[in-house]
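Numbering (full-length UniProt numbering), first residue to last: 1 to 559. Glycine residues also receive a C-beta, built at the ideal position from the N, C-alpha and C atoms. First comes the structure, then the notes that go with it.
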Amino acid sequence: MPTEKPWPIEAYLAERLEGAITRAGLSMPDGARVEVEVPREPEHGDWATPVALTLAKTARRPPREVAKSLLESLEVEADVVSAAEIAGAGFINFRLAPAWLAANVRRILSAPTTYGSSPVGRGEKILIEYVSANPTGPLNVVNARAASIGDALIRILNAAGFEARGEFYANDWGLQAELFGASIRTRFAERIGLKAPAIPDEGYAGAYVIEIADAIPESEGREWLKLPEREQRLRFAAWGIDRMLDRQERDLTRFGARIDRWFRESELHRGGAVEKARARLVELGLTEERDGALWFRSTAFGDQEDRVIVRANGEPTYFLADAAYHHDKFARGFDRLIDLLGPDHHGHIQRMQGVIEALRWPRDRFEVVLIQWVRLLRGGEPVKMSKRGGEFIALEELLDEVGVDAARFFFLMRRAESPLDFDLELAVKRSEDNPVYYVQYAHARIAHVLDYARQQGVPEPGLDAARPDLLGEPETLVLLRGIAGFPSLVAAAAKHREPHRIPMYLKELAAKFHSFYHHHRVVGPDADVTAARLLLTRATGVVFHRGLDLLGVSAPESM
RNA sequence: GCGCCUGUAGCUCAGUUGGAUAGAGCAACGGAUUUCUAAUCCGUCGGUCGGGGGUUCGAUUCCCUCCAGGCGCGCCA
């Protein structure tokens, strides 16, 4: 029995279709490609192409007639494609041969750690900037969603042949940092019984600020209070920012989010990068002075209004530092930058695109994934979050309540741009309406079946035991096709920067496995059938493992 | 006022650069357990894709307009 079959299958089909197009004397419209995709409806075949509809335009013939010509010229092996037929408006539907599906099982099991990976990214170096919360407070639930999406994106991109890295940009400079410092100073002064200015209106009043102030060694803090006013704020701020960044790093590590580099805004100021960016923009003639401030003419790049880059008091703005930061990222050799931003930052996108173009970097290599808000529910009722006093559910509390797996899976289930309702009760519920457990249970069940087979003394089957003639029941074929679609799914999730496709797929695959399991006993009286089903079960387990890995969710052996 | 996101089944959401009769889970209802994990399976019910117009052989998808919700519009970040 042959162990190798054409792979990946969509590339094979596209190649054969191109051959048929040429032989039939047809030609594709400019810029059009031969699309081969998994149809939504299983009745529409395992793979399908609308290429005849595309060709019909230039051929000036009815799509179904074009499809007929294509089929007449199409050459495919019978043990790869068992059927190719015209359907609907002129679609060509392919049914994969059981021999190919069985070969795919062997392929999965012979390289279990790489199934689903592909080279489509061609080594493109991508930097994902994500979370990037202000180091003036604990990470919140939206940060947690960003952490899930960013980290999953890195994993998915790397699986698809990109070289993706994660970076966290900490705004440890500027007005917010000073306000934070002033707030800590007030709490410290209160603690040692001194009079101090009240916390500024725009300052930080959360309980964590008191904790930070309480940790300052008293003698050291007293020394700081002798410094000039601004020095005081900066000194207390530096202390607090270090504590907050430690805490954020601890939370993100616990959450499993990959941060390859923690980048501090202050590095850019101290190293002269911000000043350099200013000088460069001036040199390019893209700035003007107005009202004592220096403005970047971002309207020349499609922004709605010009933006201040140096304030009248001589201080550079956050925007100028961010411009320097993005310049630095490109200068470090990244081919593409992807920023994950919260919904309150969308006004920032246009000006960033503008300044990137102004600094002579390719504008289309800067992408933004906008992440919408999270609404926390408990048993269907919104969790009240009071802004006063800075009370909110921190990432740490979320993880204490629902755990890493449930949190990540829930954050990754929805498209980033969709506002998310996160039900804390549902996330820990051990029942069928909880998708995390549904998927994890499928993996645990597989592990259990394999374990059971070993206990029964069933010999470890060789790969040749994955015989197509023994894997022909409807539920079995559905499962075989399900695992066959995994590699193209990963590639598509990477291409569209859409991690949510993975949990969606895993939920469907879990349903397919559960159905197979229910209808067909894996360890049964027939040794050959048992061997074939064991291999399919193992291969399915590999796909669950790989898929959950891409989400950073654990694949338990038992539940 | 301007900009961005969202609007799909009772609820929560998918819908692959414009493709097939718009799908899934939950909820509701009815079934399945001498069985490798019932944290499971099988079935039924459920739709003016926010409204209207346009482009197209074809629109949930693209364009225009209106409506509703969220967010932003600072020499804060």
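For Ser558, the closest C-alpha among the options Gly462, Ala466, Gln440, Pro499 is that of Gln440. Secondary structure note for Lys125: its beta strand (DSSP E) is the uninterrupted segment 125-129.
In the structure shown, Tyr115 adopts coil according to DSSP, grouped into three states.
Assigned with DSSP and collapsed to three states, Glu211 falls in helix. Under a 10 Å Cβ-count criterion, Ser183 is classified as buried, with 16 or more other Cβ atoms of the shown protein chains found around its own Cβ. Residue nearest to Glu163 within the set Ile92, Arg351, Lys125 is Lys125 (criterion: CA-CA distance). In this chain, the alpha helix (DSSP H) harbouring Arg351 covers 347-358.
DSSP places Ala97 outside both helix and strand once states are collapsed to three, so it counts as coil. Only residues of its own chain outside the window of five on either side were considered, and among them Ala52, Leu53, Pro63, Arg64, Ala67 have a CB closer than 6 Å to the CB of Gly90, listed in chain order. Ranking Asp335, Val355, Arg332, Ile371 by CA distance to the CA of Gly342 puts Ile371 first. Between Pro499 and Ser148, the C-beta gap is smaller than 9 Å, which places the two residues in contact. For Val34, the secondary structure class from DSSP, reduced to helix, strand or coil, is coil.
Taking 8 Å as the upper bound for CB-CB distance, Phe544 and His443 are in contact here, some 4 Å apart. Around the beta carbon of Asp214, a 10 Å sphere encloses fewer than 16 other beta carbons of the protein chains shown; the residue is thus reported as exposed. In this structure, DSSP gives Phe162 a state outside helix and strand, which the three-state scheme calls coil. Along the stretch 208-290, the beta strand (DSSP E) occurs as fully enclosed runs of 3 or more residues at 261-264, 287-290, listed in sequence order.
DSSP places Arg533 outside any beta strand (DSSP E); the residue lies instead in the alpha helix (DSSP H), whose first and last residues are 527-551.
Scanning its chain for C-beta atoms nearer than 8 Å, with the 5 sequence neighbours on each side dropped, one finds around Gly302 the residues Gln350, Gln353, Gly354, in chain order. Assignment of Arg307 by DSSP, reduced to helix, strand and coil, places it in the strand class. Considering only Ala466, Pro362, Asp201, Ala484, the residue with the shortest C-alpha distance to Asp528 is Ala466. With contacts defined by Cβ atoms closer than 9 Å, Arg307 and Trp295 form a contacting pair.
Going by beta carbons, Thr540 and Ile483 fall inside the 9 Å limit. Excluding sequence positions up to five before and after Glu425, its CB lies within less than 6 Å of the CB of Arg378, Gly379, all in the same chain and listed in chain order. Straight across, the Cα-Cα distance linking Leu139 with Ile393 is about 9 Å. Considering only Trp239, Arg107, Gln232, Arg278, the residue with the shortest C-alpha distance to Gly137 is Trp239. Sequence-distant partners of Val120 (beyond 5 residues in either direction) whose C-beta falls short of 6 Å from its own C-beta, in its chain, are Ala160, Gly161, Ala491. Rounded to the nearest whole angstrom, the C-alpha separation of Arg191 and Glu508 is 57 Å. Between the stretch 416-423 and the stretch 271-279 there are fewer than three inter-stretch CB-CB distances shorter than 8 Å, so the stretches are not counted as touching. Burial is judged here by how many other beta carbons sit within 10 angstroms of a residue's own beta carbon; Trp47 has at least 16 and is buried. Runs of alpha helix (DSSP H) with 4 or more residues, each lying fully within the stretch 404-475, are found at 424-428, 435-455, listed in chain order.
Residue burial is scored here from C-beta neighbours: Thr186 has at least 16 other C-beta atoms within 10 angstroms and is therefore classed as buried.
Taking a C-beta distance under 9 Å as the contact criterion, Glu367 and Asp339 qualify as a contact pair. The alpha-carbon of Leu412 is positioned some 19 Å away from that of Ser488. Boundaries of the alpha helix (DSSP H) around Ile502: 501-519.
At least 9 Å separates the beta-carbon of Leu506 from that of Ala152.
Judged by pairs of C-beta atoms under 8 Å, the stretch 509-524 does not touch the stretch 167-175, as fewer than three such pairs exist.
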